[in-house]
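Colleague:
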Amino acid sequence: MRRLLVTGGAGFIGSNFVHHVLEHTDDHVTVLDKLTYAGNLASLDGLPSDRFAFIQGDIADAGLVDELFSRADAVIHYAAESHNDNSLHDPRPFLDTNIIGTYTLLEAARKHGTRLHHISTDEVYGDLELDDPTRFSESTPYNPSSPYSSTKAGSDLLVRAWVRSFGVRATISNCSNNYGPYQHVEKFIPRQITNVIRGIRPKLYGAGENVRDWIHADDHSSAVLTILDKGEIGETYLIGADGEKNNKEVVELILALMGEAKDAYDHVTDRAGHDLRYAIDSTKLRSELGWKPSYGDFEAGLAATIQWYRDNEQWWAPAKDGVEAFYASKGQ
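All letters in the sequence shown, in the order written, are residues 1 to 332 by full-length UniProt numbering.
(1) Cβ of residue 344 within 8 Å of Cβ of residue 156?
(2) Does DSSP put residue 179 in a helix, in a strand, or in coil?
(3) With which residues is residue 245 paired in a DSSP beta bridge?
(4) Cutting at 6 Å between CB atoms, please list the residues of its own chain near residue 87, excluding the five before and the five after it.
(5) Helix, strand or coil for residue 84, going by three-state DSSP, please let me know.
(6) Tell me which same chain residues have a C-beta within less than 6 Å of the C-beta of residue 91, skipping the five on either side of it?
(7) Pair every Cβ in the segment 184-199 with every Cβ in the segment 121-135, then say whether three or more of these pairs are closer than 8 Å.
(8) May I have the straight-line CA-CA distance separating residue 251 from residue 262, to the nearest angstrom?
(9) What does DSSP give as the partner residues of residue 204 in its beta bridges?
(10) Can you give me the start and stop residues for the beta strand (DSSP E) that residue 33 sits inside?
(11) For residue 246 and residue 210, what's the separation of their Cα atoms in angstroms?
(12) Judging by CA-CA distance, which residue of 319, 243 and 226 is the nearest neighbour of residue 236?
(13) Quick check on the DSSP output: what are the complete alpha helix (DSSP H) runs of length 4 or more inside the segment 285-329, in order along the chain?
(14) Could you compute how far the alpha carbon of residue 33 sits from the alpha carbon of residue 15?
(15) Pairs of beta-carbons, one from the segment 298-316 and one from the segment 159-169, closer than 8 Å: are there three or more?
(16) Along the chain, where does the beta strand (DSSP E) that runs through residue 160 open and close?
(17) Could you say which of 297, 165, 106 and 35 lies nearest to residue 68 if we only look at CA atoms?
(18) Just to check my reading of the structure: residue 102 and residue 77 have Cβ atoms closer than 8 Å, yes? What is that Cβ distance to the nearest angstrom?
(19) Output the distance between the C-alpha atoms of residue 7 and residue 79, rounded to the nearest integer angstrom.
(20) Helix, strand or coil: which one does DSSP assign to residue 143?
(21) Starting from residue 238, follow its DSSP beta bridges and name the residues at the other end.
(22) Let me know the secondary structure DSSP gives residue 53 once reduced to three states.
Laid out in structure tokens, this is it:
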């Protein structure tokens, strides 16, 4: 039984990973989470107390991080400020968490010789033209376009430097857009699902032509566990499930799956610097480590996600009104 430390484990993707690990392994998981607005202890309800522990704290707290690393066999680093709109409104928290926080973890990994896996995003690569036949790969140059993606790019480069300069035992994964249970209602898919549940018309940025490469959070979790077990130190692996859809298609599919007219949505002002298209080539992960997604069908995964939000209104309702008030103030 390994002792895993998961930073940001009360957030969307991190909490899904914690559930996945406890279901599929015998490992013990300790979560370190600051519990900012995106962290939710309710996402960790019902986990076995003999294999799970929660600690509220900041990844930039060097003393706390050092103590936790001394007891961990491996660390999976999900903690991040990750919302593009928020990064445009106030970039500073993104520097504090994504840069200084990652630096703090790397120094602890360096001191204790702890295995570290760093979770990143495909947004570090910038975007692709809508008609570009290529996809992002591990050799794609970084070209971030927002305070969020630029700080994630910076954290990736820190990991690479600590591997090369100090021999830190780390790997990196860059994943495409996630969807699934426990995602904050500020995000695109849960916002539209919960709008329909509440009788509010979904909102679509601009013409809705922006393309994202969607992956269910459970598939992301299985990929990260595969990299932790089989990945080569110092390597980067891209995680994707061949789920390219433009935002208009996603909104219309949500409406159709929820029994509404496919055109029952409103166009709103587009986001500043809105990237056109992301697309992931996960060949390296699949061919070298033998991983493959379980949700090969986006519609099936989306239907399951819709049902989860229908069944768990008590989880998302407390944040819903505040999120909609914020977007309304921006005309979105």
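The beta-carbon is built from N, C-alpha and C at its ideal position, and this holds for glycine as well. In this text the structure is predicted, and so the values were computed from the model without any measurement.
Modeller: According to the structure shown:
(1) As shown, the chain starts at 1 and ends at 332. That puts residue 344 outside it, with no answer to give.
(2) Under the three-state reduction of DSSP output, residue 179 falls in the strand class.
(3) 212
(4) 94, 146, 147 and 148
(5) For residue 84, the secondary structure class from DSSP, reduced to helix, strand or coil, is helix.
(6) 147
(7) no
(8) Approximately 8 Å between the Cα atoms of the pair.
(9) 267
(10) 28-33
(11) 5 Å
(12) Nearest C-alpha to residue 236 among 319, 243 and 226: 226.
(13) 298-311 and 313-329
(14) 10 Å
(15) no
(16) From DSSP, residue 160 is part of no beta strand (DSSP E) but of the alpha helix (DSSP H) over 147-166.
(17) For residue 68, the closest C-alpha among the options 297, 165, 106 and 35 is that of 106.
(18) 7 Å
(19) Cα atoms of residue 7 and residue 79: separation of roughly 5 Å, rounded to the nearest angstrom.
(20) coil
(21) 174
(22) strand
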